[in-house]
Amino acid sequence: MATKKNLRAPSAPPAPASRAEAHTKKTAGACAACRKSKKRCRHRSSSSPAPSSSAVPAGPASVAAAGPSGERPSKRARPLERSAPTSTDPVVEAATLSVNVVFAKELAKSLAEFEASFEASMAAHKAVMEAGRAVRETVESWKGTWSAASVLPVVEEATEERDGDD
1 MATKKNLRAP
11 SAPPAPASRA
21 EAHTKKTAGA
31 CAACRKSKKR
41 CRHRSSSSPA
51 PSSSAVPAGP
61 ASVAAAGPSG
71 ERPSKRARPL
81 ERSAPTSTDP
91 VVEAATLSVN
101 VVFAKELAKS
111 LAEFEASFEA
121 SMAAHKAVME
131 AGRAVRETVE
141 SWKGTWSAAS
151 VLPVVEEATE
161 ERDGDD
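Start counting the sequence shown at 1; every next residue gets the next number (full-length UniProt numbering).
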């Protein structure tokens, strides 16, 4: 026969030891948005597995391999990792130096070509601006000539009419 002790409902889990532990349990299965607002996630489906709190946090290499998460980066983002220090092998250093020297010579040649073409472009621009200025001055003088010529006969007619009335 079953005793009274065996018929009881299973006991509730023990209460958390601290508020921090209670908060951790509350937000353990929450999505990022709910974790950020420190609320219990209610819009996530209950069939999705909750991340285990005992799991080892992912390293930067596995996070980078997973791809962008779509979330904005936090303000306290870690600085980018620096590249490995250069080799101390003299052969590698000599090869790097020769590549840099060749590249510097190509850049100097390209810079000289650019400066020459820039100067030619500026000279052409000045010539075009001078030609435009000359055209504008010519048009202004034509306008002045035509406006003075068209006003002159009207003034002469008006003075003839006045003189004839006397």
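Backbone N, C-alpha and C fix where the C-beta goes; we use that ideal spot for every residue, glycine too.
Give me the Cβ distance between residue 87 and residue 93, rounded to the nearest whole Å; I'm assuming they're in contact under 8 angstroms.
7 angstroms
How would you call residue 47, buried or exposed, if buried means at least 16 neighbouring beta carbons within 10 angstroms?
Low confidence applies to residue 47: its pLDDT is 48, below 50, so where it sits in the model is not reliable, and the reading given next is rough at best. With fewer than 16 Cβ atoms within 10 Å of its Cβ, residue 47 is classed as exposed.
Compute the Euclidean distance between the alpha carbons of residue 145 and residue 138, then round it to the nearest angstrom.
10 angstroms
What is the DSSP secondary structure of residue 107, counted as helix, strand or coil?
helix
Can you give me the C-alpha to C-alpha distance between residue 114 and residue 105, rounded to a whole angstrom?
14 angstroms
By the three-class DSSP mapping on this structure, what secondary structure does residue 88 have?
coil
Pull up the distance between the alpha-carbon of residue 99 and that of residue 127, whole angstroms please.
42 angstroms
Quick one: Cα of residue 107 to Cα of residue 101, how far?
10 angstroms
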